[in-house]
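Written below as structure tokens is the structure these notes are about.
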Amino acid sequence: MNPLMPLFVVTPLAATFLIMIVGRFVKDFNKYYTSLTLLFLVIISFSCLFNIGENVDVYKVGGWQPINKIPIGIYMVMDGFSAIVVCIINLIGFLVAIYSISYIKRYTSENYFYALFCLMIAGMNGVVLSGDLFNIFVFLEISVISAYSLVAFGVEKNELEASFKYQVLGSIASFLILFGIGFIYWKTKTLNIADIREAFKTGYDKSFYLFVQLLILSGFGLKAAIMPFHAWLPDAHSSAPSPISAMLSGVFIKAVGIYVIIRLFFNMFVITESMAILITTLGTLSMVIGVFLAIGQWDIKRLLAYHSISQMGYVMLSIGIGMILISRGVKQEVAALAIAGGIFHLINHAAFKGLLFLNAGAIEYTIGTRNLKEMGGLAKSMPATSATSFVASMSISGIPPFNGFFSKLIIIVAAITAKFYLLAALAVIVSIITLASFLKFQRYAFYDKSDEDKRPEAKEVPYPMIFSMIVLSIVCLLLSLLAVPVVRDAVLTPAINILMDPLKYSSQIIGL
Amino acid sequence: MIAYILCFILFLVGLYGAVTQRNLVKIAISLSVMEFSTFLFFALLGYIDGGVAPIVNPAEPARIYVDPLPQALVLTAIVIGLATTALLMAVIIRLYRKYGTFDIREMKNLRG
Amino acid sequence: MELTISIVIGFMILGAIYSIHAKDLLSAVITCGIVGYGCVICFLLLKAPDLAIVQIVVETINLIIMVAVVLDSSREESYSKLDSQGYISAITVFIIMVVLLYFFTVSTRSLDVLGKSTLRMAGPYIEGAAAKTGSANLVTGVVFDFRGYDTMGEAVVLVTAVLGVLTILRLKGKK
Amino acid sequence: MEGMTIIVKKTTQLIAGMIFMYGIYVIAHGHLTPGGGFAGGVIIAGAFILITLAFGSDFFKLVKEEMGTTMVESIATIIVVLIGSAGFLLGTKIFFNNYLPKGIVGDLVSAGTLPLYNIFVGMEVAASIFIIFLSLIIFKEESLK
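Chains as they are written, first to last, in the numbering used here: chain A, 1 to 512; chain B, 1001 to 1112; chain C, 2001 to 2175; chain D, 3001 to 3145.
The structure is reproduced here in structure tokens:
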């Protein structure tokens, strides 16, 4: 039992209530305390990542031991995959908290902002570290409710409307998930993920299984904004304050959407081919349609939001290819490669999409508009923003020395070796269109000088914002190292092994 | 089995309302209908024929109790449902003050 | 037993349909109460008194909040006739519902019928649970002891919602 | 906000106290009879809401009440988290362990930490729901000005 595990949830919760109580009387307590808490979380999450290796760490909350090998309490579980996601959450969260110190000054009631931000972090950590279905639902609700309120933080027309749309679709998703949990309980009479796997092993009715998988996929797919369910994402992500957009796009849809889908479909359900093909199709659809919707946008944040849908499509596509190969029982090493590509791209996307939204926030902070047509020539007046956004744009479009290139390369190689030539070709084409779209962004925002004289003088943003952006761009460059075999074996391989071999996950949880 | 099917029909009625209605309050009502049907579904799961309510009398313990776990889950879910409804109503009253109407067709600043 | 519950649920469905199609918003909100209070009756029939108590008070508060929003606003719904696009979407949704319902009935054939459920995870919650947690009310024992972590999360959800309401109801967002 | 007629006020005077006592009873016996922190908390919030609706209250008093209730709520929730973490920090090193002596099943003081959870969750729920109600009313008053 790793005693650090509950701290991932309890520390941010304690921070919330301290901010609500002490922050009322002490000025500036909120921002520094939030940053400190998240720094602490970053340190312990990286120490967990380096120590975890191939182990599966189980924390039995309340100390309830299993009876007849059936778990009765709630288990918190940490393995290679969840350790990676926890690291992403807390690292991006820390940088965003630093960035918000200057950015949030223009809004009222900063206390509420920081309190909700800590709750969001606590909720996501709880979802990722949970080994119990209903517990996942509860923490999911904590994080999405704080996300609803943070989207509406500006309380103008657009924000409220986006928040309303997000709430309606999010609530429908929650009820679908809850119904799915009820179904699983009806069949298996248990809620522990590893134990459900054991119960499903003894045999199941095919139509029942398909129905439950559809319920769970559509529920979490709505939270992750996969293609037919994407309607809320561009509105919500573009209306939120920029640090929150970075958080939502960079981390949130992964932690509560993609992560849970991957975890449940690999470690709880037995993979079936029909479901694998469905996931691949949805991934391809999001990848292609997302980028075509993005290319016509002139609002930077909407453009970035549509690219999020497209990039998540890449992740779903490669995970789907891995699932197809596993369910057919052929070419297991290619399946491992595809899953590696998916997870690698998930990590990369957190870094560069977070950075891009922070850049967009910096531009909005300085010149007060998000319309690309009203910008131009910012490269001279905002050198740091311009340089970091160049790094991020090249990363997202997959240009060689940057991290995005390697993950896309792995995905395409995996698709070709698995003989899915069409999907590989589509991935390449989408990547080229992404490049075109980001060249447009770079040109209109930073280099084109057509109407520079019409707007007030732009100057560089305050230091905390520059600090966050520069650190994230360094992270973008460093993540390329994950393509080096030694580093990959240390970080990615444990995660892949856990997903490839579900027995490893369940035996270490139930056998203890 | 018919109770489960009716319960699912209630869920679908809520879903139908949430998708087709154009009034903010009506959408909120549809969401609460979905919520209640989910609670009912869980409560149905826990029922055992001849069982008594899960409260132990130390003097004379009963032989069969109904399953307390779904009841505990619903207890948690009810309060979560109250929280989401309250937040939704806050946004609705705010939108009403901005636009002067509950009709969603007149709020089209943002499109998917 | 099952028949009684089915009748109550049938009334709830009628209430829900009326509530969704009512012309006046206030009556729609009040009719929604049929569904909530019908739930209470079902909980009592299903031997869940804890749920019944919580549901009856929560439903009342829910109604108070909804009525507070609807009162002194334009209650008449400007419900113009459905245009052709509206009809098409409504029919599509209806067909999807029917397909889902058929799928539901097929896929649940292999599962336990009402009243014949077995226990796996919940077995230890009943056998000797009173001695383990010291609580005579088994539901309280489950809620606060076996699954106390969930309950903490749930208390935090309520706090989150309160913070959200306070955030959204600020008069001015930006300085 | 204006209050209601004298009949309502008199009736409320009679009833509110009883509702309040009943809420406390439900919370205190949460581990013995149906009910518990949530049910009792919502009942107590109902009593407060009834008083506010019947008697009315001027704007500044409402704002003051809201601030106080927020403090109560934060403190109650932090105590819930602390009770859960106390086992982790002090003795058993396990989060959410029931570390107090269990006593005899059926006694009012039994079941270890459960009555404490009931009490503080009850406080928290009552405060939360009252805040939601108050802030809705305050917003209505404010936006009509």
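Glycine included, C-beta positions come from ideal geometry on N, C-alpha and C.
With distances taken between CB atoms, is the gap from residue i to residue j smaller than 8 Å?
| i | j | result |
| --- | --- | --- |
| Ile169 (chain A) | Leu222 (chain A) | Correcting the residue type first, residue 169 (chain A) is Leu in the shown sequence and not Ile. Cβ distance < 8 Å, so Leu169 (chain A) and Leu222 (chain A) count as in contact. |
| Leu1069 (chain B) | Met2121 (chain C) | yes |
| Ala224 (chain A) | Met312 (chain A) | yes |
| Lys301 (chain A) | Arg370 (chain A) | yes |
| Gly126 (chain A) | Ala173 (chain A) | no |
| Asn192 (chain A) | Tyr114 (chain A) | no |
| Thr3077 (chain D) | Val2156 (chain C) | yes |
| Ile279 (chain A) | Ile319 (chain A) | yes |
| Ile410 (chain A) | Gly322 (chain A) | no |
| Glu1002 (chain B) | Glu2154 (chain C) | A quick correction: the sequence has Ile, not Glu, at residue 1002 (chain B). Against a cut-off of 8 Å, the Cβ pair of Glu2154 (chain C) and Ile1002 (chain B) comes out as no contact. |
| Ala513 (chain A) | Leu233 (chain A) | No information on residue 513 (chain A) is available, as it lies outside the stretch 1 to 512 that chain A covers here. |
| Gly3003 (chain D) | Phe3055 (chain D) | yes |
| Gly354 (chain A) | Pro241 (chain A) | no |
| Gly1100 (chain B) | Ile2020 (chain C) | no |
From the DSSP output, which residues share a beta bridge with residue i?
| i | result |
| --- | --- |
| Asn371 (chain A) | A:Asp299 |
| Val1052 (chain B) | B:Tyr1065 |
| Tyr107 (chain A) | C:Lys2174 |
| Ser308 (chain A) | DSSP lists no partner for Ser308 (chain A). |
| Lys2116 (chain C) | B:Ile1048 |
| Ile1037 (chain B) | The amino acid occupying residue 1037 (chain B) in the given sequence is Ser; Ile does not appear at that position. According to DSSP, which records beta bridges pairwise, Ser1037 (chain B) is partnered with nothing at all. |
| Asp1103 (chain B) | B:Asn1023 |
| Ser130 (chain A) | A:Met76 |
| Asn2137 (chain C) | B:Ile1055 |
Considering only residues of the region 2013–2064 of chain C, which uninterrupted alpha helix (DSSP H) runs meet the minimum length of 4 residues and lie entirely inside it, listed in chain order? 2025–2045
Meets three-Cβ-pair contact criterion under 8 Å: the region 94–109 of chain A and the region 11–27 of chain A: no
Can you find at least 3 beta carbon pairs, one from the region 72–89 of chain A and one from the region 2143–2153 of chain C, that sit closer than 8 Å? yes
Note down, one range per segment and in chain order, each beta strand (DSSP E) of at least 3 residues found wholly within the region 23–82 of chain A. 57–61 and 74–78
For the region 2029–2044 of chain C, which residues have a beta carbon sitting closer than 9 Å to at least one beta carbon of chain B? Val2029, Thr2031, Cys2032, Val2035, Gly2036, Gly2038, Cys2039, Cys2042 and Phe2043
Of all the alpha helix (DSSP H) runs that stay within the bounds of the region 157–197 of chain A, which reach a length of 4 or more residues? At a cut-off of 4 residues, the continuous stretches assigned as alpha helix (DSSP H) that sit fully inside the region 157–197 of chain A are 157–188.
Using Cβ-Cβ distances below 9 Å, what residues of the region 3063–3086 of chain D are close to chain A? Met3067, Thr3070, Met3071, Glu3073, Ser3074, Ile3075, Thr3077, Ile3078, Val3081, Leu3082, Gly3084 and Ser3085
At a Cβ cut of 8 Å, what residues of the region 2131–2143 of chain C count as close to chain B, listed as they run along the chain? Listed by position, the residues of the region 2131–2143 of chain C near chain B (Cβ gap below 8 Å) are Ala2136, Asn2137, Leu2138, Val2139, Gly2141, Val2142 and Val2143.
Three or more beta-carbon pairs under 8 Å between the region 1002–1022 of chain B and the region 225–245 of chain A, yes or no? no
Would the region 268–275 of chain A and the region 374–387 of chain A be scored as touching if the rule is three or more Cβ pairs under 8 Å? no
Mind checking the region 1036–1056 of chain B against chain A and listing, in chain order, the residues whose C-beta falls within less than 7 Å of any C-beta there? Thr1038, Phe1041, Phe1042 and Leu1045
The region 2027–2035 of chain C / the region 2052–2072 of chain C touching (three or more Cβ pairs under 8 Å): They touch, by the three-pair rule.
For the region 152–174 of chain A, enumerate the residues whose C-beta is nearer than 7 Å to any C-beta of chain C, in chain order. Ala152, Phe153, Gly154, Val155 and Glu156
Give the residues from the region 1068–1088 of chain B that approach chain D closer than 7 Å (Cβ to any Cβ), ordered along the chain. Leu1075, Val1079 and Ala1086
Any chance the region 41–61 of chain A sits against the region 99–116 of chain A, with 3 or more Cβ pairs inside 8 Å? no
Could you run through the region 1092–1107 of chain B and flag, in chain order, every residue whose CB is less than 7 Å away from some CB of chain A? Arg1094, Leu1095, Lys1098 and Met1107
Should the region 3124–3139 of chain D be called in touch with the region 1087–1096 of chain B, which here means at least 3 C-beta pairs below 8 Å? yes
Would you call the region 2124–2144 of chain C and the region 3063–3082 of chain D touching, i.e. three or more CB-CB distances under 8 Å? Here the region 2124–2144 of chain C does not lie against the region 3063–3082 of chain D, with fewer than 3 beta-carbon pairs under 8 Å apart.
Within 7 Å of chain B by C-beta, residues of the region 134–146 of chain A in sequence order: Phe134, Val138, Glu141 and Ile145
For the region 3111–3128 of chain D and the region 3023–3036 of chain D, state whether three or more C-beta atom pairs, one from each stretch, are separated by less than 8 Å. yes
Assess contact between the region 76–88 of chain A and the region 197–212 of chain A, defined as three or more Cβ pairs (one per stretch) separated by less than 8 Å. Is contact present? Between the region 76–88 of chain A and the region 197–212 of chain A, the count of C-beta pairs closer than 8 Å stays below three; the two stretches do not touch.
Contact between the region 50–61 of chain A and the region 155–163 of chain A: three or more CB pairs below 8 Å? Put simply, the region 50–61 of chain A does not touch the region 155–163 of chain A. Fewer than three CB pairs are less than 8 Å apart.
Are the region 1074–1085 of chain B and the region 498–512 of chain A touching by the rule of at least three beta carbon pairs closer than 8 Å? Fewer than three beta-carbon pairs drawn from the region 1074–1085 of chain B and the region 498–512 of chain A are found closer than 8 Å, and the two stretches are therefore not classed as touching.
Three-pair Cβ contact test at 8 Å for the region 2025–2032 of chain C versus the region 2040–2049 of chain C: no
Between the region 422–439 of chain A and the region 496–505 of chain A, can you find at least three pairs of beta-carbon atoms closer than 8 Å? no
Any contact of the region 117–137 of chain A with the region 8–22 of chain A, i.e. 3+ C-beta pairs under 8 Å? yes
Name, going along the chain, the residues of the region 174–199 of chain A whose beta-carbon falls closer than 7 Å to a beta-carbon of chain B. From the region 174–199 of chain A, only Phe175, Leu178, Phe179, Gly182, Tyr185 and Trp186 have a Cβ closer than 7 Å to chain B.
Counting only Cβ-Cβ distances shorter than 8 Å, please list the residues of the region 2146–2169 of chain C near chain D, keeping chain order. Gly2148, Tyr2149, Thr2151, Met2152, Ala2155, Val2156, Leu2158, Val2159, Ala2161, Val2162, Val2165, Leu2166 and Leu2169
Interface positions of the region 2104–2127 of chain C facing chain A (Cβ-Cβ less than 8 Å), listed along the chain: Phe2104, Val2106, Ser2107, Thr2108, Arg2109, Ser2110, Leu2111, Asp2112, Ser2117, Thr2118, Leu2119, Arg2120, Met2121, Ala2122, Gly2123, Pro2124 and Tyr2125
contact_flag[the region 178–190 of chain A, the region 1031–1047 of chain B] where n(CB pairs < 8 Å) is 3 or more: Short answer: they touch.
Taking any Cβ of chain B, which residues in the region 3130–3141 of chain D have a Cβ under 8 Å from it, in chain order? Ile3132, Ser3135, Leu3136, Phe3139 and Lys3140
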